[in-house]
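In my numbering, the protein residues as written are 7 to 124.
See below:
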């Protein structure tokens with residue numbers, strides 16, 4: 007019986023690590039600068055490396071205005087290369103999105119997608 011309980015507890019602990027979300031570790035701030043671009047600042051509050059591979063801006067009713075999406079990996083000379091914001095341990099990254107031709111009055115929210123880097 008003790009072995010079964012130990013296995014169940016260990017399984018729960020391991021599954022919690024697998025289900026951990028990188029969004030729990032990333033803080034995003036954004037601001038509109040000179041009605042020309044949106045500046046995104048990503049802060050990694052953990053010792054995990056994180057790849058922010060998509061970020062964008064939305065209207066008040068969550069309609070997509072614009073997004074910058076980087077493929078998870080590209081290859082250069084046959085070698086895989088990560089794209090997007092690469093947040094090192096407790097790292098910081100600042101990215102700008104051009105919005106010169108967008109009505110900045112309708113920008114109300116921003117979002118991002120991320121994943122852990124092994």
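C-beta: ideal position from N, C-alpha, C; glycine also.
So, are the CB atoms of residue i and residue j less than 8 Å apart?
i, j, result
"residue 55", "residue 93", "yes"
"residue 37", "residue 114", "no"
"residue 116", "residue 62", "yes"
Among the candidates the options, whose CA atom is the shortest distance from the CA of residue i?
i, options, result
"residue 35", "26, 53, 45", "45"
"residue 42", "60, 32, 50, 108", "108"
"residue 52", "114, 28, 111", "28"
"residue 104", "73, 60, 83", "73"
"residue 122", "39, 71, 50", "50"
"residue 118", "110, 111, 75", "75"
"residue 112", "124, 71, 96, 32", "71"
"residue 110", "40, 68, 98", "40"
By DSSP's criteria, residue i is part of a beta bridge. Which residues make up the other side?
i, result
"residue 118", "61"
"residue 46", "36, 101"
"residue 92", "57"
"residue 74", "61"
"residue 123", "55"
To the nearest whole angstrom, what separates the beta carbons of residue i and residue j, a pair I think is in contact under 8 Å?
i, j, result
"residue 91", "residue 58", "4 Å"
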